[in-house]
Amino acid sequence: MRPGFTPSLSISDRVTHQRESRNTFSLSTGNIIGSGIFISPKGVLEHSGSVGLALIVWVLGGCIAALGSLCYAELGVTIPKSGGDYSYVTEIFGGLVGFLLLWSAVLIMYPTTLAVIALTFSNYVLQPVFPDCVPPYMATRLLSTVCLLFLTWVNCSSVRLATRIQDVFTVGKLAALGLIIVVGLVQICKGNYEGLTPHVAFEFSRTPSVGQVALAFLQASFAFSGWNFLNYVTEEVVEPRRNLPRAIYISIPLVTFVYTLTNIAYFSAMSPEELLSSNAVAVTFGEKLLGMFSVIMPISVALSTFGGINGYLFTSSRLCFSGAREGHLPSLLAMIHFKNCTPIPALLCCCTATIVILCIGETHNLINYVSFINYLSYGVTIAGLLYYRWKKPKLYRPIKVNLLVPVTYLMFWAMLLGFSLYSEPVVCGVGLVIMLTGVPVYFLGVHWKSKPKCIYDFIGGCPLQSWLSKIEVIPISDADRAESPASPISSLVYRSRYPRAISSLVIPAWVIERQTLLPVIVVIQ
């Protein structure tokens, strides 16, 4: 695709375009507030060494996320394409860098994040059933898998249904955290805030190194991850130039405020030692302060993480869809349901990868892997913002943030990754290796166009490929053109003679004709 060329896709090649201001806010907030606030407090406190420094890490983590979200708001309205980091980096730096981000995201980043959230859901649901011990390994994995399969089915069935679930559970998340905050504030009003006084809060169990503080920031960043996910569904947002920045400006400060108060509430009820020894921080908090009503807490957290799984499934599947549409992933993942306009193969791919990850690794190690790769992709994308300004200074930008915003973010980003790499070279090194394994894959699978005939014969001989070959070509209907009048790109509709049993499948593909990219769909009648 030509640099700076952002096609307006035909209505048939899009997923449903129906996220309004309220939905964008709930998706943004719902993606950020997931399992992180119920898992990361333990990791942040462990690496920071004191309550006071842990609270500072939470506040600064929110400020850094706010700086990053401002940069992404500019990118989102300047390059209005779904796919987030991947689409922006591909547009700015070219295919290889974009593919590496896509590769690491699809291979580990999003499946691992989904696995962590699903495990948190299972642990909190099962905690009342196993009050005196850790829930069994197989039970947590089985319940996580059932939850993933159910929400994958929901997202395959209807974009609107998935959106409504997200709206409802976003309210549930805020209610759960609101309960923790209110109970904590009641404790403080009763005078139970000894652990929060400055001389106690900054008593270090051990003096943390700079590298340990950097790891504390990585743990906090996991709780804030998702602040950029609205950029993955830009094409589905109504009036993105208005609603995208608005949702970002509201959600990030709100989440930072809620997270800080939640941690203050935790520390008003638990000592640092109690928090570090807890397997479910919110459950321990409820048992200490809510008495017979403590069962409310695991239910509330389970509802919160349930909504988080739904949001991550929605956005990660759109990343797979965007990558396949650009030719960087198998075209199978660019299929969408004809009636529901949902990317079913991409959703199934995300679900399958997450189930595999569920059986691998321990939660806090997974968070460190994911956080390092996350921050690496954030920095590359925001560096691309500066390069794009230099490369195309006259390009119209509906939003243009102050230069200090990306520069400040990148300075913090460089220090954080540098100290993290020094402190945990193995964990961070694994993240880098995973990303770099995409280099040979890109050159063999994407860049290498003149492959031997035997490879094409093998691909052409598969049942799906031979099935797709039996098609007729007719012009796109006037109705579709009327729904997408601004599209400058010609469109074709393929109709097959195959039976109605599979009448709901649409297969987008890219066809080159006179050096112009044509969005093409396959409609099965």
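Position one of the sequence shown corresponds to residue 1001 (the numbering used here), numbered consecutively onward.
Yeah, the Cβ is synthetic: ideal placement off N, Cα and C, and Gly gets one too.
Quiz item: So what's Ile1079 in DSSP terms, helix, strand or just coil?
Solution: On the sequence shown, residue 1079 is found 79 positions in, with the first residue counted as 1. Here Ile1079 sits in coil by DSSP.
Quiz item: Taking just the CA atoms, how far does Phe1293 sit from Val1097?
Solution: As a first step, residue 1097 must be located in the sequence shown, where it is residue number 97. As a first step, residue 1293 must be located in the sequence shown, where it is residue number 293. In a straight line, the C-alpha of Val1097 is about 51 Å away from that of Phe1293.
Practice problem: State buried or exposed for Ser1035, treating a residue as buried only when at least 16 other CB atoms are found within 10 Å of its CB. | Solution: By one-based count along the sequence shown, residue 1035 stands at place 35. Buried, by the Cβ-count rule.
Self-check item: Contact under 8 Å by Cβ, Val1044 with Gly1195
Solution: Here residue 1044 is taken as the residue at index 44 of the sequence shown, counted from 1. Here residue 1195 is taken as the residue at index 195 of the sequence shown, counted from 1. The answer is no: Cβ separation not under 8 Å.
Practice problem: Go ahead and pull the three-state DSSP assignment for His1337. | Solution: Taking the first residue of the sequence shown as 1, we reach residue 1337 at position 337. Residue state, collapsed to three classes: strand.
Exercise. Return the residue from the list Val1106, Lys1042 and Ile1037 that minimises the CA-CA distance to Ser1377.
Key: In the sequence shown, counting from the first residue as 1, residue 1377 sits at position 377. That would be Val1106, whose Cα lies nearest to the Cα of Ser1377.
Practice problem: Please report the residue range of the alpha helix (DSSP H) in which Lys1042 lies. | Solution: Counting from one through the sequence shown, the residue named residue 1042 turns up at place 42. Gly1036 to Ser1048 is the span of the alpha helix (DSSP H), which, as asked, contains Lys1042.
Practice problem: Mark Lys1339 as exposed unless 16 or more other C-beta atoms lie within 10 angstroms of its C-beta, in which case mark it buried. | Solution: Here the question's residue 1339 lines up with position 339 in the sequence shown. Exposed, since its Cβ has fewer than 16 Cβ neighbours within 10 Å.
Exercise. Tell me whether Leu1179 is buried or exposed, calling it buried when 16 or more other Cβ atoms sit within 10 Å of its Cβ.
Key: Looking up residue 1179 in the sequence shown gives position 179. Buried is the call here.
Quiz item: From Ile1309 to Ser1317, what distance separates their C-alpha atoms?
Solution: Taking the first residue of the sequence shown as 1, we reach residue 1309 at position 309. Taking the first residue of the sequence shown as 1, we reach residue 1317 at position 317. Looking at the two C-alpha atoms, the distance is approximately 12 Å.
Quiz prompt | Residue of Ala1383, Tyr1259, Gly1384 and Trp1390 minimising C-alpha distance to Ile1039 | solution = For the purposes of this step, residue 1039 is taken as the residue at position 39 of the sequence shown. Nearest of Ala1383, Tyr1259, Gly1384 and Trp1390 to Ile1039, Cα basis: Tyr1259.
Exercise. To the nearest angstrom, report how far apart Val1405 and Met1335 are at their CA atoms.
Key: Here residue 1405 refers to the residue found at position 405 when the sequence shown is read from its first residue. Here residue 1335 refers to the residue found at position 335 when the sequence shown is read from its first residue. Each residue's Cα considered, the two are about 38 Å apart.
Self-check item: Gln1166, DSSP secondary structure in three states
Solution: Sequence index remark: in the sequence shown, residue 1166 carries index 166 (1-based). If DSSP states are grouped into helix, strand and coil, Gln1166 belongs with the helices.
Self-check item: Expected contact under 8 Å - CB spacing of Ser1420 and Ala1214 to nearest Å
Solution: As a working mapping, residue 1420 is identified with position 420 in the sequence shown. As a working mapping, residue 1214 is identified with position 214 in the sequence shown. About 5 Å; that satisfies the 8 Å criterion.
Practice problem: Could you say which of Leu1261, Ser1221 and Leu1143 lies nearest to Ile1181 if we only look at CA atoms? | Solution: Against the sequence shown, residue 1181 aligns to sequence position 181. Here the closest residue by C-alpha is Leu1261.
Exercise. List the whole-angstrom C-beta distance separating Val1370 from Thr1113, where the pair is believed to meet the contact cut-off of C-beta under 8 Å.
Key: Here residue 1370 refers to the residue found at position 370 when the sequence shown is read from its first residue. Here residue 1113 refers to the residue found at position 113 when the sequence shown is read from its first residue. Sure, about 6 Å apart at Cβ, within 8 Å.
Self-check item: Nearest-angstrom Cβ-Cβ length linking Val1089 and Gly1384, presumed shorter than 8 Å
Solution: The sequence position of residue 1089 within the sequence shown is 89, counting from 1. The sequence position of residue 1384 within the sequence shown is 384, counting from 1. Rounded, the Cβ-Cβ distance is 6 Å, consistent with contact.
Quiz item: Excluding five sequence neighbours on each side, which residues of the same chain lie with their C-beta closer than 6 Å to the C-beta of Pro1485?
Solution: Mapped onto the sequence shown, residue 1485 falls at position 485. Unreliable placement is indicated for Pro1485, whose pLDDT of 33 sits below 50; the coordinate value is still reported in the next sentence. Result list for Pro1485: empty, nothing under 6 Å.
Quiz prompt | Cβ separation of Asn1243 and Gly1068, assumed to be a contact under 8 Å, to the nearest whole Å | solution = As a position in the sequence shown, residue 1243 is number 243, starting the count at 1. As a position in the sequence shown, residue 1068 is number 68, starting the count at 1. Not quite, the Cβ-Cβ distance comes to about 19 Å (not below 8 Å), so this is no contact.
Self-check item: Among Ser1048, Gly1418, Pro1393 and Pro1452, nearest to Phe1202 - alpha-carbon criterion
Solution: Here residue 1202 corresponds to residue number 202 of the sequence shown, with the count starting at 1. Of the candidates Ser1048, Gly1418, Pro1393 and Pro1452, the one whose C-alpha sits nearest the C-alpha of Phe1202 is Ser1048.
Self-check item: C-alpha distance - Ile1165 paired with Gly1307, whole-angstrom precision
Solution: Within the sequence shown, the letter at position 165 stands for residue 1165. Within the sequence shown, the letter at position 307 stands for residue 1307. Answer to the nearest angstrom: the Cα atoms are 7 Å apart.
Quiz item: Under 8 Å, do Ala1223 and Ile1373 count as touching if we go by C-beta distance?
Solution: The residue you call residue 1223 lines up with position 223 of the sequence shown. The residue you call residue 1373 lines up with position 373 of the sequence shown. It is not a contact, given that the beta carbons lie outside the stated cut-off.
Quiz item: Does DSSP classify Ser1209 as helix, strand or coil?
Solution: Counting from one through the sequence shown, the residue named residue 1209 turns up at place 209. Coil.
Exercise. Go through its chain and collect everything with a Cβ distance to Ser1158's Cβ below 8 Å, but skip five positions before and after it.
Key: Against the sequence shown, residue 1158 aligns to sequence position 158. Around Ser1158: Asn1340 and Thr1342.
Exercise. Measuring alpha carbon to alpha carbon, tell me which of Pro1111, Leu1386 and Cys1063 ends up nearest Thr1145.
Key: Working through the sequence shown from its first residue, we reach residue 1145 at position 145. Selected option, being the one with the closest Cα: Pro1111.
Exercise. Answer with buried or exposed for Gly1084, where buried requires no fewer than 16 other C-beta atoms within 10 angstroms of its C-beta.
Key: Working through the sequence shown from its first residue, we reach residue 1084 at position 84. Per the 10 Å Cβ criterion, buried.
Quiz item: By how many angstroms is the C-alpha of Thr1381 removed from the C-alpha of Ile1252?
Solution: Residue numbering aside, residue 1252 sits at position 252 when the sequence shown is read from its first letter. Residue numbering aside, residue 1381 sits at position 381 when the sequence shown is read from its first letter. Those two C-alpha atoms are separated by around 19 Å.
Quiz item: Among the residues of its own chain, which have a CB less than 7 Å from the CB of Ile1092, if the five just before and after it don't count?
Solution: As a position in the sequence shown, residue 1092 is number 92, starting the count at 1. So the qualifying residues of the chain are Gly1384, Tyr1387 and Tyr1388.
Self-check item: Span of the alpha helix (DSSP H) around Phe1257
Solution: Start at 1 with the first residue of the sequence shown, and residue 1257 comes out as number 257. It spans Pro1240 to Ala1269 - the alpha helix (DSSP H) in which Phe1257 sits, taken as one unbroken run.
Quiz item: Grouping DSSP H, G and I as helix and E and B as strand, with all else coil, what is Cys1428?
Solution: For the purposes of this step, residue 1428 is taken as the residue at position 428 of the sequence shown. If DSSP states are grouped into helix, strand and coil, Cys1428 belongs with the helices.
Quiz prompt | Backbone secondary structure at Trp1448 - three-state DSSP | solution = Position 448 of the sequence shown holds residue 1448. Looking at Trp1448 - three-state DSSP - the assignment turns out to be coil, as it is neither helix nor strand.
Quiz item: Are Tyr1375 and Asn1231 closer than 8 Å when you measure CB to CB?
Solution: What you label residue 1375 is simply residue 375 of the sequence shown in a count that begins at 1. What you label residue 1231 is simply residue 231 of the sequence shown in a count that begins at 1. Taking 8 Å as the cut-off, the beta carbon of Tyr1375 is found no closer than this to the beta carbon of Asn1231.
Exercise. Starting from the Cα of Val1430, find the closest Cα among Thr1078, Pro1041 and Ser1104 and give me that residue.
Key: If you number the sequence shown from 1, residue 1430 lands on position 430. Of the listed residues, the one whose Cα sits closest to Val1430 is Ser1104.
Quiz prompt | Close-in-space but distant-in-sequence residues of the same chain around Val1200 (CB under 8 Å, 5 per side omitted) | solution = As a position in the sequence shown, residue 1200 is number 200, starting the count at 1. Within the same chain, Val1200 has close Cβ partners Val1051 and Glu1194.
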